[in-house]
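Here the structure is laid out as structure tokens; the discussion comes afterwards.
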């Protein structure tokens, strides 16, 4: 019955997370275990499947009664283990397959004994504690022996916790036929490992109840970011690590170690990122570099990151152009051919006054001013003012960048030499009062210290002191004296004088104060009464004449309006008003356009305006930002449009016409005009300053950063401003996101009123362009085809602005040519909904893009629609991309109350009167289901649910495209 021992032996593989204390198959000689009694367990030799010799034990005394056979191992040190595992591999014979058996069991018992030292051959059964009874899952029979098919059983038992130095194992046979093929005693541990660049040593679990916290240590060339920890489980497994180590600067993570960066690479910060290749024009030849040095003649500024390419100073500016206007000059130049590889290029301008002869130049002295400044310019233009007349100047312009101060090179610059023209005269400084009466003052003055030419005349401006310049009078004198008549007795007057030459007006004098004499006589005699009556009558006649002249001239001017009953009446500050309605007055209807400017715009003193910097360029000149400080008012930030030098009179009129238009508007969503400067140079238009610039650029800069409600709020402001303009009878004609300005509070304001418009004598208040260019992508089809502009064409443009806002400044119709856009729109194409655009807003776009302008909503309706959407944000949650057909709940169009209809036939009979009635001809509808199935093929206006369709929700309507 023992022949099977050499037929099937199994060698158990060792596990990475276990440590063997005993492995019977690893011994090549006798194991020397103690058997009691000696004829019980028997040690025999055999070979495994690889024919490797092994030692096994077997017992099979089933032919005798009362068996109690013990087999004890040698003493086993437990090392640091507290919990021990015993793995037994054995075979056991089925008792039923043994003939003539007297006593037979199919189990055996496993025992252990803890001791602090080896007890040698001493063996006492009662000292052992039972671990478990071991039973076979499968047993073999006599047939298996003949076929050499033996069933090997494997059982593992856990022992512990152990506290003494070592222990014995014992196997008790009580009458079985069993063979121990192998005995392996081991304990589990968490093996050495490296996680997150931290090393964790071999760790033995302490007991079966808790985890062991193990602190890791960082590998070489790394440091702790968070203390690395892991927990060792009782099963010898590491749990998820906590914390980590980071490779030092100059080292990168490769595998489980931090290794130095290779030559040509660097790493400037600690962290588990790869080394970076040296940026352009830099290098490193050693390992572990933390930065790369710059090549010859290349530099890196102190504030530059090490990841930035090394750069060099820029070359000189090119193509300097000068535009001289009397004693000022505008310098313009081209960007350097080589910027040195940097974007922080600035320009410095050096002014030198020169005389004939070599090297006869010196730095400019006195009051020469640079606008916006002389150094640190980011734009390629500068204006130099207050130069001396008929003087030679040389201007040197150099370019600088962040490394210019590091380069030991000779200064490179571009130079231009100019000669100034005649300058305006300086200010009058001395004014003398010659004679004073109760109604007049006679004055004389000295010629300006620097007349700079022949003085043509003097302008005398005076007003009552208490009026604070709100109403003033201007006289002109050829000589250096003047008498002011028609003054009030005993009244203080303020007066300023300025001289004019061919170069224009000079600066105004300081304000001089004079007082008329008091009224020194009384009217007591009859003669005095007669004189008084005569004077009063004369004054009355003059006043009556003036009033009649004004009435007649006003009547003649405005009788040319577009409608006979539109008789405009004057109201504050020279504006005009229909009865109860403020209306727009076209400045081109004035015989003298400058009169319109002074009627609608406030004249500002140039001394109240400080220009800070140039922020852009317009059609007529530069656009600057600056500050406006009016007397008794707080200083405010303003935008300033300047008229470039060398302008024609027509350019001046066109430039100021925008101020004439803007000055008529007063609305929180229309750009506010602060005033104009027309009596000195440069001519300027001053408006409120909008910090965030144009709407299209602002949206592109902040792509997808606003909520839908915020965008709808911006759109509501634009619509409100356009409603105001429409109510005044004004057609904008160039409504686009680029012409909407945004302030720091995200308030949108309509701007750019500079395009010329001519009022036509037709009942629709249409405008015809004067052959100018039309913004095709924003313009309604009828305006493109017939050059007729109305508020309805502005509504079309508003729909495009709505699309621009919801697409965050995307270009309408993308890269399509203007001709393709005209053709596509005429054939019915409309822009698709922008990404994530609410269906209600896209439907509003489609309403604005109705081909028939009479079907487009009014701005008043658009404002109402947007107000409803703001009050009901849930209506904005359905996007046009997910809604198969946006429901047309936007326009308050005239609709039939279908609650009065009792059948579908009644409703359809009424529907046939709608604009889409042709779609119903020859079609029969018996139910709501039938109608729904064909709704994709017909066009319906918004309807309320019929009583015959109870399944429709009250808020539903039917809309098809």
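In the working numbering, the protein residues as written are 16 to 976. Glycine residues also receive a C-beta, built at the ideal position from the N, C-alpha and C atoms. Computed from a predicted model, the values in this text were never measured in an experiment.
Assigned exposure category for residue i - 16 Cβ within 10 Å defines buried
{"i": "residue 948", "result": "Its pLDDT being 35, under 50, residue 948 is placed unreliably in this model, and the value from its coordinates should be taken loosely. Residue 948 is exposed by the Cβ-count criterion."}
{"i": "residue 986", "result": "Given that the chain is displayed from residue 16 to residue 976, the structure contains no residue 986 and the question cannot be resolved."}
{"i": "residue 39", "result": "buried"}
{"i": "residue 790", "result": "buried"}
{"i": "residue 733", "result": "buried"}
{"i": "residue 673", "result": "buried"}
{"i": "residue 541", "result": "Per-residue confidence for residue 541 stands at a pLDDT of 41, beneath the threshold of 50, marking its modelled position as unreliable; no derived number is given."}
{"i": "residue 611", "result": "buried"}
{"i": "residue 876", "result": "buried"}
{"i": "residue 362", "result": "buried"}
{"i": "residue 850", "result": "exposed"}
{"i": "residue 312", "result": "exposed"}
{"i": "residue 747", "result": "buried"}
{"i": "residue 826", "result": "exposed"}
{"i": "residue 72", "result": "buried"}
{"i": "residue 496", "result": "exposed"}
{"i": "residue 188", "result": "buried"}
{"i": "residue 204", "result": "buried"}
Collapsed DSSP secondary structure at residue i in the structure displayed
{"i": "residue 806", "result": "helix"}
{"i": "residue 492", "result": "strand"}
{"i": "residue 76", "result": "coil"}
{"i": "residue 475", "result": "strand"}
{"i": "residue 448", "result": "strand"}
{"i": "residue 737", "result": "helix"}
{"i": "residue 635", "result": "coil"}
{"i": "residue 870", "result": "helix"}
{"i": "residue 816", "result": "helix"}
{"i": "residue 686", "result": "coil"}
{"i": "residue 363", "result": "strand"}
{"i": "residue 321", "result": "coil"}
{"i": "residue 712", "result": "helix"}
{"i": "residue 507", "result": "strand"}
{"i": "residue 84", "result": "strand"}
Beta-carbon proximity check, residue i vs residue j, cutoff 9 Å
{"i": "residue 620", "j": "residue 692", "result": "yes"}
{"i": "residue 872", "j": "residue 859", "result": "yes"}
{"i": "residue 340", "j": "residue 436", "result": "yes"}
{"i": "residue 324", "j": "residue 295", "result": "yes"}
{"i": "residue 184", "j": "residue 46", "result": "no"}
{"i": "residue 766", "j": "residue 806", "result": "no"}
{"i": "residue 476", "j": "residue 528", "result": "no"}
{"i": "residue 699", "j": "residue 756", "result": "no"}
{"i": "residue 679", "j": "residue 599", "result": "yes"}
{"i": "residue 167", "j": "residue 105", "result": "yes"}
{"i": "residue 260", "j": "residue 230", "result": "no"}
{"i": "residue 655", "j": "residue 703", "result": "no"}
{"i": "residue 80", "j": "residue 118", "result": "yes"}
{"i": "residue 199", "j": "residue 101", "result": "yes"}
{"i": "residue 711", "j": "residue 752", "result": "yes"}
{"i": "residue 216", "j": "residue 207", "result": "yes"}
{"i": "residue 409", "j": "residue 343", "result": "no"}
Rounded distance between the beta-carbons of residue j and residue i, thought under 8 Å
{"i": "residue 83", "j": "residue 76", "result": "Not quite, the Cβ-Cβ distance comes to about 10 Å (not below 8 Å), so this is no contact."}
{"i": "residue 863", "j": "residue 811", "result": "6 Å"}
{"i": "residue 457", "j": "residue 449", "result": "4 Å"}
{"i": "residue 641", "j": "residue 653", "result": "6 Å"}
{"i": "residue 275", "j": "residue 302", "result": "4 Å"}
Proximity to residue i [Cα-Cα], best of the options
{"i": "residue 531", "options": "340, 505, 228, 386", "result": "505"}
{"i": "residue 292", "options": "306, 284, 285", "result": "306"}
{"i": "residue 248", "options": "512, 627, 225", "result": "225"}
{"i": "residue 662", "options": "697, 820, 651", "result": "697"}
{"i": "residue 405", "options": "439, 650, 330", "result": "439"}
{"i": "residue 834", "options": "816, 210, 526, 796", "result": "796"}
{"i": "residue 452", "options": "533, 431, 491", "result": "533"}
{"i": "residue 664", "options": "713, 706, 617, 609", "result": "609"}
{"i": "residue 407", "options": "415, 429, 433, 175", "result": "433"}
{"i": "residue 78", "options": "886, 338, 120", "result": "120"}
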